[in-house]
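Data first, discussion second: the structure below is written as structure tokens.
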Amino acid sequence: MAMELNFLEEIHLSAEVKNAIYKQRVERYYNSQVKVHEFRADDLVLRRVLGTPPGVLVPIWEVPYRVTRRLMNGAYKLKDMDDNSAQYPYSDALLKKYYQ
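Numbering (this note's numbering), first residue to last: 1 to 100.
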């Protein structure tokens, strides 16, 4: 009986090690796919249009905005080209660099 318990404990530890290795691989793959966007003040960016229904041919990026400042966790305050401030901050996932 004691031998069976030791064998089960070994199987359990082996499964924990395999699970930890798998989690490390998944984390490494995820981190390699994530694109980090960092914008500076006065950079020009395009803002993604939200809420467009799929299959409709409309632009997915709005006119250029100017970054006024960076907030916490990758959020940015924006102004349009007429110096009107955007209503609320936008995540870097919804922005992309605009090249003239």
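Here a beta-carbon is modelled for each residue, glycine too, at the ideal position from N, C-alpha and C.
These figures come from a predicted structure and were not determined experimentally.
Buried or exposed by the 16-neighbour rule on C-beta atoms within 10 Å, applied to residue i
i, result
"R47", "buried"
"F39", "buried"
"L78", "buried"
"V36", "exposed"
"Y90", "buried"
Close-in-space but distant-in-sequence residues of the same chain around residue i (CB under 6 Å, 5 per side omitted)
i, result
"T68", "K77, K79"
"L13", "none"
"Y65", "V45, R47, L78, D80"
Any non-hydrogen atom of the ligand ZN closer than 6 Å to residue i Cβ
i, result
"P64", "Inclusion of the ligand ZN in the displayed structure is not the case, the ligand content being empty and no account of it being possible."
Beta-bridge pairing of residue i - partner residues as DSSP gives them
i, result
"Y90", "Y76"
"S45", "Per the sequence shown, the amino acid found at residue 45 is Val instead of Ser. According to DSSP, V45 bridges with Y65, K97."
"R28", "According to DSSP, R28 bridges with nothing at all."
"R70", "Y76"
Same chain only: Cβ atoms within 8 Å of residue i, ignoring 5 sequence neighbours per side
i, result
"P50", "Correcting the residue type first, residue 50 is Leu in the shown sequence and not Pro. So the qualifying residues of the chain are L94."
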